[in-house]
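Those protein sequences? They're chains F and U, same order as listed. No gaps in the numbering here: position 6 of the first sequence is 6 in UniProt numbering, and each next residue is one more. No gaps in the numbering here: position 124 of the second sequence is 124 in UniProt numbering, and each next residue is one more. These notes are about the structure you will find just below.
2 protein chains.
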Amino acid sequence: MGLREPLAQIAAECSLPKALEAMGERWSFLILRAAFNGLKHFEEIQSNLGIARNILANRLGRLVDVGILDRQPCPEDRRKIEYRLTEKGVDLLPTMIALRQWGEKWETGCPSNPVLVDKRDLEPVADVRVFSHDGRALEWEDLSFHWREELEARAAE
Amino acid sequence: MGLREPLAQIAAECSLPKALEAMGERWSFLILRAAFNGLKHFEEIQSNLGIARNILANRLGRLVDVGILDRQPCPEDRRKIEYRLTEKGVDLLPTMIALRQWGEKWETGCPSNPVLVDKRDLEPVADVRVFSHDGRALEWEDLSFHWREELEARAAE
DNA sequence: CGGTATCCACATGGATACTG
DNA sequence: CAGTATCCATGTGGATACCG
Chain F
1 MGLREPLAQI AAECSLPKAL EAMGERWSFL ILRAAFNGLK HFEEIQSNLG IARNILANRL
61 GRLVDVGILD RQPCPEDRRK IEYRLTEKGV DLLPTMIALR QWGEKWETGC PSNPVLVDKR
121 DLEPVADVRV FSHDGRALEW EDLSFHWREE LEARAAE
Chain U
1 MGLREPLAQI AAECSLPKAL EAMGERWSFL ILRAAFNGLK HFEEIQSNLG IARNILANRL
61 GRLVDVGILD RQPCPEDRRK IEYRLTEKGV DLLPTMIALR QWGEKWETGC PSNPVLVDKR
121 DLEPVADVRV FSHDGRALEW EDLSFHWREE LEARAAE
């Protein structure tokens, strides 16, 4: 099954729709970015993004519901609320960085600021890309979609 | 500037909002997936996604406008229209695969089908992640956001 | 501080019918 | 085949006021 031959029926078991259920709304990625940048409080995020309060409340609630953010009283001031990334939330970093890098390359044409760097040497991270199981960088031409069943049948031979 | 210390002002030059302008709508990623899966024609995409015709027309138009898809008469039948990924569109693959893998891990809990494989050995590609400039796989703890100016000042010392 | 409540505008989305 | 046109429902988003 080649990559450029259309699939008769696709998407039957693709996780993308499910992922988009959680992250598909316009503000979700921006709220997530705020979280990655260390913003934890409602007012902080609201003033930084300029998002309407009711929408922010709604989105934060949804992100908490799906387990991307965690809502806790602030340790140093129990009256305040703190939103933190869960492990599931942190796991969205490659997606977010990939999209940001794409925007840098094709939309703005210039590097974003602040930069995501490796703490060890303060060097900017590499472009996010697709690698083979043994670490070779792959181009679109090197890739193909295959049905799992077909691969298993082939492996069984 | 540590990763867990909040940034006073963020997002001033981040390309993410611009990227989301192009890809932020619910259907955009799914239409893109259809394109990656080799679907080229309006009716094909419409029946595969179950999207309303007017919305699909609108989204296809927008994706063409921003240069992610290219709209051409079909080579073998000039009466038909064909949508193909541009280079800019293909460049969204890491983002899409990263999001799909995240969904597999956290939302559906099972691998998607069809699988993206390396043509050479038909092995599924590796999980998309963030690497350092010299190819070390980085965890969230290894990362930090820094202002470009600060990095340049430091380098000049 | 971290929300709700309200109100309103517009965008998104779906269904269906029609067209070149 | 690849859309438009139309209609309608709901969702998203913004502004503002209010609240515990």
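C-beta: ideal position from N, C-alpha, C; glycine also. Computed from a predicted structure; not experimentally measured.
Please report whether the beta-carbon of U/N58 lies at a distance below 8 Å from any beta-carbon of chain F. Residue mapping note: residue 58 of chain U aligns to position 58 of the second sequence, counting from 1. Closer than 8 Å: no.
Where F/V90 falls: helix, strand or coil (DSSP): Numbered from its first residue, the first sequence carries residue 90 of chain F at position 90. Of the three classes helix, strand and coil, the one that applies to F/V90 here is helix, per DSSP.
Could you check where the beta strand (DSSP E) with U/P124 kicks off and where it finishes? Your numbering for residue 124 of chain U matches position 124 in the second sequence. Under the DSSP assignment, U/P124 falls outside any beta strand (DSSP E); it carries neither an H nor an E label.
Member of U/K40, U/R136 and U/A153 whose CA lies at the smallest distance from the CA of U/T86: Along the second sequence, one-based indexing puts residue 86 of chain U at 86. Comparing Cα positions, the closest option is U/K40.
Residue from U/L20, U/L122, U/K80 and U/Y83 whose Cα sits closest to the Cα of F/H133: Against the first sequence, residue 133 of chain F aligns to sequence position 133. Comparing Cα positions, the closest option is U/L122.
Kindly say whether U/D70, judged by its beta-carbon, lies nearer than 8 Å to any beta-carbon of chain F. Translated into the one-based positions of the second sequence, residue 70 of chain U becomes position 70. Taking Cβ atoms only, chain F never reaches closer than 8 Å to U/D70, which makes this a no.
Straight-line CA distance for U/F29 to U/E13? The residue labelled residue 29 of chain U in the question sits at position 29 within the second sequence. The residue labelled residue 13 of chain U in the question sits at position 13 within the second sequence. U/F29 and U/E13: Cα-Cα distance of roughly 24 Å.
Roughly how many whole angstroms lie between the Cα atoms of F/E104 and F/Y83? Translated into the one-based positions of the first sequence, residue 104 of chain F becomes position 104. Translated into the one-based positions of the first sequence, residue 83 of chain F becomes position 83. Rounded to whole angstroms, F/E104 to F/Y83 spans 28 Å at the Cα level.
Rounded to the nearest angstrom, how far is the Cβ of F/V66 from that of F/A22, given a contact under 8 Å? Your numbering for residue 66 of chain F matches position 66 in the first sequence. Your numbering for residue 22 of chain F matches position 22 in the first sequence. Right, the Cβ-Cβ distance comes to about 4 Å (below 8 Å), so this counts as a contact.
Start-end ranges of the alpha helix (DSSP H) lying completely within the UniProt domain "HTH hxlR-type" (14-111) of chain F, minimum 4 residues: Qualifying alpha helix (DSSP H) stretches, in chain order: 16-23, 26-36, 42-49, 53-65, 87-90 and 93-103.
Could you work out which residues of chain F lie near U/K105, taking near to mean beta carbons separated by less than 9 Å? For the purposes of this step, residue 105 of chain U is taken as the residue at position 105 of the second sequence. Going along chain F in sequence order, the residues near U/K105 (Cβ under 9 Å) are S15, K88 and D91.
Kindly indicate which three-state DSSP category F/A155 falls into: helix, strand or coil? Position 155 of the first sequence, counted from the start, is the residue given in the question as residue 155 of chain F. Look at F/A155 here: in three-state DSSP terms it is helix.
My understanding is that U/L138 touches U/F131, with C-beta atoms under 8 Å, so please give their C-beta distance in whole angstroms. On the second sequence, residue 138 of chain U is found 138 positions in, with the first residue counted as 1. On the second sequence, residue 131 of chain U is found 131 positions in, with the first residue counted as 1. Confirmed, about 6 Å.
Please classify U/R100 as buried or exposed, where buried requires at least 16 other C-beta atoms within 10 Å of its C-beta. Counting from 1 along the second sequence, the entry for residue 100 of chain U is found at position 100. Buried, since its Cβ has 16 or more Cβ neighbours within 10 Å.
Mind checking which residues open and close the beta strand (DSSP E) that includes U/H146? Taking the first residue of the second sequence as 1, we reach residue 146 of chain U at position 146. L143 to H146 is the span of the beta strand (DSSP E), which, as asked, contains U/H146.
Of all Cβ atoms in chain F, is any one closer than 8 Å to the Cβ of U/V64? For the purposes of this step, residue 64 of chain U is identified with residue 64 of the second sequence, where counting begins at 1. Closer than 8 Å: no.
Taking the alpha carbon of U/G38 as the reference point, which residue from U/G89, U/W140 and U/W102 has its own alpha carbon closest? Within the second sequence, residue 38 of chain U is the residue found at index 38, counting from 1. The shortest Cα separation from U/G38 among U/G89, U/W140 and U/W102 belongs to U/G89.
I need the straight-line Cα distance from F/E43 to F/V117, nearest angstrom please. Numbered from its first residue, the first sequence carries residue 43 of chain F at position 43. Numbered from its first residue, the first sequence carries residue 117 of chain F at position 117. Going from the Cα of F/E43 to the Cα of F/V117 covers about 27 Å.
Nearest-angstrom Cα separation, counted from F/L16 out to F/A156: Taking the first sequence and counting its residues from 1, the one referred to as residue 156 of chain F is at position 156. Taking the first sequence and counting its residues from 1, the one referred to as residue 16 of chain F is at position 16. Roughly 29 Å between the two C-alpha positions.
Mind checking if F/K119 is an interface residue toward chain U, Cβ cutoff 8 Å exclusive? Reading the first sequence from its first residue, position 119 is the one you call residue 119 of chain F. Put simply, the CB of F/K119 is near chain U, with a gap under 8 Å to one of its CB atoms.
So F/F42 contacts chain U; which residues on that side make the cut at Cβ distance below 9 Å? Along the first sequence, one-based indexing puts residue 42 of chain F at 42. Result: empty, since nearest Cβ-Cβ is about 13 Å, beyond 9 Å.
Are the beta-carbon atoms belonging to F/E25 and F/R59 less than 8 Å from one another? Residue numbering aside, residue 25 of chain F sits at position 25 when the first sequence is read from its first letter. Residue numbering aside, residue 59 of chain F sits at position 59 when the first sequence is read from its first letter. A contact, by the Cβ cut-off of 8 Å.
Separation of F/D91 from U/W140, as counted between CA atoms: Looking up residue 140 of chain U in the second sequence gives position 140. Looking up residue 91 of chain F in the first sequence gives position 91. Using only the alpha carbons, I get a separation of about 9 Å.
Cα-Cα separation, F/K119 to F/L49: Reading the first sequence from its first residue, position 119 is the one you call residue 119 of chain F. Reading the first sequence from its first residue, position 49 is the one you call residue 49 of chain F. Going by the C-alpha atoms only, they are around 27 Å apart.
Can you name the residues that DSSP bridges to U/L116? As a first step, residue 116 of chain U is located in the second sequence; it is residue number 116 there, counting from the start. U/L116 pairs with F/F145.
Does any residue of chain U have a CB that is nearer than 8 Å to the CB of F/A98? Taking the first sequence and counting its residues from 1, the one referred to as residue 98 of chain F is at position 98. Yes - at least one Cβ of chain U is within 8 Å of the one on F/A98.
Between U/P6 and chain F, is the shortest Cβ-Cβ distance under 8 Å, so that the two count as touching? Along the second sequence, one-based indexing puts residue 6 of chain U at 6. Residue placement at U/P6 is poorly supported in this model, since its pLDDT is 40, which falls under 50; the coordinates still yield a value, given next. Proximity of U/P6 to chain F, defined by a Cβ-Cβ separation below 8 Å, is satisfied.
U/A34, buried or exposed, once every other Cβ within 10 Å from all chains shown has been counted against 16: The residue you call residue 34 of chain U lines up with position 34 of the second sequence. Under this definition U/A34 is a buried residue.
Residues of chain F with CB closer than 7 Å to the CB of U/N54, please, in chain order. Along the second sequence, read from residue 1 onward, the residue named residue 54 of chain U stands at position 54. Residues of chain F passing the Cβ test: none, with the nearest at roughly 19 Å.
Beta-carbon neighbours of F/K80, restricted to chain U and to distances below 9 Å: In the first sequence, counting from the first residue as 1, residue 80 of chain F sits at position 80. At a beta-carbon threshold of 9 Å, none of the residues of chain U lie near F/K80; the nearest stands roughly 13 Å away.
Out of curiosity, what's the CA-to-CA distance linking U/G135 and U/D77? Your numbering for residue 135 of chain U matches position 135 in the second sequence. Your numbering for residue 77 of chain U matches position 77 in the second sequence. Taking the Cα positions, U/G135 is about 46 Å away from U/D77.
To the nearest angstrom, report how far apart F/K18 and F/G109 are at their CA atoms. By 1-based counting over the first sequence, the position of residue 18 of chain F is 18. By 1-based counting over the first sequence, the position of residue 109 of chain F is 109. When the Cα atoms are used, F/K18 and F/G109 turn out to be separated by approximately 31 Å.
Against chain U, with Cβ distances strictly below 8 Å, would F/E123 count as a contact? Locating residue 123 of chain F in the first sequence gives position 123, where the first residue counts as 1. Judged by the 8 Å Cβ criterion, F/E123 is in contact with chain U.
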